[in-house]
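S.K.: Take a look at the following structure, please.
Chains as they are written, first to last, in the numbering used here: chain A, 965 to 1304; chain B, -16 to 304.
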C-alpha cells in the first residue's frame, strides 16, 4: 500500500498558561488517505481543532509546545521552516473555518481574497488569477460567479460565504482539505448543501478531507472513517459503520445515546454525566474513567492505548471485545424499550 | 452618493447656523461688558454711547442684529464675501486678517496631524506586534507621559531646551513660507512636535488596542491558512481595519484644532486663529469672536462629512443612501 496522504504520529500539543501546562493534544496518531474523508468528533475542548491548527502551523509558537511527527505527502511538517510550511498552507492543504461571517475579510471583495490565495503560491497575472477565482466560484455552485466575485462578504448570505471559503480553500487544488466545523454556523438546510458540496468536490478532485465537527449527524453524512476524541486523545477510530453501529468505547456510546434518532418515538436521551476533565490535571489512567459507568479495577490506574482489541476497529478501553458487545447490546435494548 | 453629500451639506449649513445663533446669544445677548461703554472713551455720555452703538451696528434690536449678521455672512458685506464685518478694536475689516491667520493655524494643524498620525500609527502597530516586549512597554510609558503632559508645559520645556540651552531653535514667532522656507520650517517644527505629541500618544494607545483586537480576528487566521506571508498578513489584512477607526478620530481632532490650538499658538507666539479669538474675547471684539466661531464650526462640520465619505472607501460595509 502506498504512503498515506497525511500521517500523524504521537502528536502532542501543550500550551503554557498561568495556571499550568495544558495538554490539549496527547499522543494522537491517525492517517488520512487520498480520496477519503475522516470525521473527527468530540466535545468542545477535546482537542480536535487544536490538532489541525498545530498541523497547519497556525498556533502561536510563543505559548505552544508541539511534539510528534506529521508527514504530509512525505514531508515532515513539524520539522519544516516557517517559510516551507507556508508554501504548503493553502497550496497543499486547504482549510475552511467554522464561521463564514467572520472568516472572510470584510473589506475586500471575495474575488480579491481568492486571487490573493492564488497569487501567493503561483506566479500568474491578476487577470488569470481572477479568472481562476471566478471558475472556482462556479465550481462551488455560486450563481453568476462573475458578478459575485465582485461582491463583498457582507453582501452575501452565510451559505454563500461558506461556499466562498470552500472555493478559497480549494482554488489551488490542494491534496487535503481540512474543514473545521464548516456547517456549525449555518441553517440546517444550508448545512446539507455545504456537506454535499464538500463530498462532491472530494470525489471530483480526488482529495483527502478532514471534517471536524461536534455533531455526529454531520459526520455520519459524509465521512468514511470516524475518529472520536476525548481530552486530547483518540478514544475510538474506525469506519463509519463500525463507529456508528458497533461502537466499542463507553464515551462513544454516551455520545450516540445523547442524540435523538428520527423514527424512534419515546426514546430516552441519556446525557453523559459529569463534565470533561481539566486538561491541566488529567485524571490518571483512562481520562474518561470518572464519568464511565463501566469502569473497573485498572481504569483509574493504567491508561489504555488506542489499539485493536479484537473488535476489528481501534479503541482505547480496557473492556474486552465480548464485554463491549454485550454492554452495547444491552444499552441499545434498554434505550429502545424505555417507553414512558 | 451625491444625494447623500448634498443632504449632508444642507445639514452642515443648519448646524453652522445654529452654532452662530448660540455664539451670538453668548457674545451679544448675555451681559458682558457693554461694548458701547468699552469703546466710548473715558467719559461715556449717553450721546457718545449712542454714536458708538450706531458705529458698531449695535443700535438695532438683538434679533435684527443677528439677522443682519447672518445676511452679511451669506451674502457678503461692503468688504466682500463672506461678510465678517469690521473689528470693534482696530476698525479694520476682519476678513483679510481672518484668512491670513487661518492659514497659519492650518499650517500648524496639518504639520502636527502628519506627525501624530505617523508616530501614533507606527508606534501603536509595532507595540501590538511586539506585545509585552521592552519596546511595547517603553512606547506605552511614553504614551502615558505624552497624555499627561500639558501642551503649555511641553511647549515651554521645548523652547527652553532647544532655544535657550541648545540654541538650535530660533525661538517663537512666525515667518511666512514664501518669505523664507528654511526660516519658516525652523519656526514651525517645534510647535508641530509639541502639538502632535499629545495626540500621538493617545493615538498610539488606540491603535495598539484596535490592532490587538484585529490580530485575533478570524479573517487574519484565514489569511495565514492561505499561506500569506506574515509581512503581508500585517500589511494587507491587519492595517486597514486598524486604521479605519483612527481616520474618523483624526478628522474630528484635526478640525477641532482650527480655533482650538490656542495654547500652542500662544506659547509659540504664532499669529493663528486661536490666538486671534483669545485676544478678541479679552477686548470685547465681538465680531472677531463671531467670525472665528463660524470658521471653526464650518471646519468641524465639513471634516465630519469628509471623514464619513472617506470611511466608506476604507470600509465597504459603510454605504450611503
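Don't be surprised by glycine CBs; every beta carbon is placed ideally from N, CA and C.
At what residues does the beta strand (DSSP E) containing residue 1028/A begin and finish?
M.R.: 1028 to 1036
S.K.: Rounding to the nearest angstrom, what Cα-Cα distance links residue 63/B and residue 259/B in this structure?
M.R.: 21 Å
S.K.: In terms of residue numbering, what span does the alpha helix (DSSP H) encompassing residue 1127/A cover?
M.R.: Looking at the DSSP string, the run of the alpha helix (DSSP H) that includes residue 1127/A is 1122 to 1134.
S.K.: Going straight from the alpha carbon of residue 914/A to that of residue 969/A, what length do you get?
M.R.: Nothing in the structure corresponds to residue 914/A, since chain A is present only between 965 and 1304.
S.K.: Write down the C-beta distance between residue 305/B and residue 134/B rounded to the nearest angstrom, noting that I regard them as a contact closer than 8 Å.
M.R.: Past the edges of chain B, shown from -16 to 304, lies residue 305/B, and the structure says nothing about it.
S.K.: For residue 290/B, decide whether its Cβ has a neighbour in chain A, counting only Cβ atoms nearer than 8 Å.
M.R.: It does not: the Cβ of residue 290/B has no partner Cβ on chain A nearer than 8 Å.
S.K.: Leaving out the 5 sequence neighbours to the left and right, which residues in its chain are closer than 8 Å to residue 1002/A when beta-carbon positions are compared?
M.R.: 994, 996, 1172, 1173, 1174, 1175, 1187, 1188, 1189, 1190, 1191
S.K.: Between the beta-carbon of residue 1063/A and the beta-carbon of residue 201/B, is there less than 8 Å?
M.R.: yes
S.K.: Does residue 50/B pass the burial test, meaning 16 or more other C-beta atoms within 10 Å, or should it be called exposed?
M.R.: exposed
S.K.: Since residue 1001/A sits in a beta bridge, which residues does DSSP pair it with?
M.R.: Beta bridge pairing from DSSP links residue 1001/A with 1173/A.
S.K.: By Cβ distance below 6 Å, which residues in the same chain neighbour residue 1285/A in space, the five residues on each side in sequence not counted?
M.R.: Within the same chain, residue 1285/A has close Cβ partners 1273, 1274, 1275.
S.K.: Please return the same chain residues whose Cβ sits closer than 7 Å to the Cβ of residue 1267/A, not counting the five positions on each side in sequence.
M.R.: Around residue 1267/A: 1249, 1250.
S.K.: So, with DSSP's three-state summary, where would you put residue 985/A?
M.R.: Note: residue 985/A maps to strand in three-state DSSP.
S.K.: Less than 8 Å between C-beta atoms, sequence neighbours within five positions excluded: which residues of the same chain meet that for residue 1046/A?
M.R.: 1021
S.K.: Is the CB-CB distance between residue 1013/A and residue 1178/A below 8 Å?
M.R.: Inclusion of residue 1013/A and residue 1178/A in the CB contact set at 8 Å is not warranted, their separation being larger than that value.
S.K.: Can you tell me whether residue 1253/A is buried or exposed, with buried defined as 16 or more other CB within 10 angstroms of its CB?
M.R.: buried
S.K.: Quick one: Cα of residue 1102/A to Cα of residue 1108/A, how far?
M.R.: 8 Å
S.K.: Going by DSSP, what residue range makes up the beta strand (DSSP E) through residue 1221/A?
M.R.: The continuous stretches of beta strand (DSSP E) do not include residue 1221/A, which lies in the alpha helix (DSSP H) extending over residues 1214 to 1221.
S.K.: Rounded to whole angstroms, what's the CA-CA distance from residue 66/B to residue 53/B? Just pull it up for me.
M.R.: 9 Å
S.K.: Does the Cβ-Cβ distance between residue 159/B and residue 167/B come in under 8 Å?
M.R.: The criterion of a C-beta distance shorter than 8 Å is satisfied by residue 159/B and residue 167/B.
S.K.: Compare the C-alpha of residue 249/B against each of 110/B, 177/B, 45/B, 47/B and name the closest.
M.R.: 177/B
S.K.: Does the CB of residue 113/B have a neighbour CB from chain A at under 8 Å?
M.R.: no
S.K.: Considering only the beta carbon of each residue, do residue 314/B and residue 104/B sit closer than 8 Å?
M.R.: Coverage of chain B is limited to positions -16 through 304, which leaves residue 314/B absent and any answer about it impossible.
S.K.: Measuring only between beta-carbons, confirm whether residue 1067/A sits less than 8 Å from chain B.
M.R.: yes
S.K.: Taking its Cβ as the centre, do 16 or more other Cβ atoms sit within 10 Å of residue 78/B, making it buried, or is it exposed?
M.R.: buried
S.K.: Taking 8 Å as the threshold (beta carbon to beta carbon), is residue 212/B in contact with chain A?
M.R.: yes
S.K.: Per DSSP, what kind of secondary structure is residue 1142/A in: helix, strand or coil?
M.R.: strand
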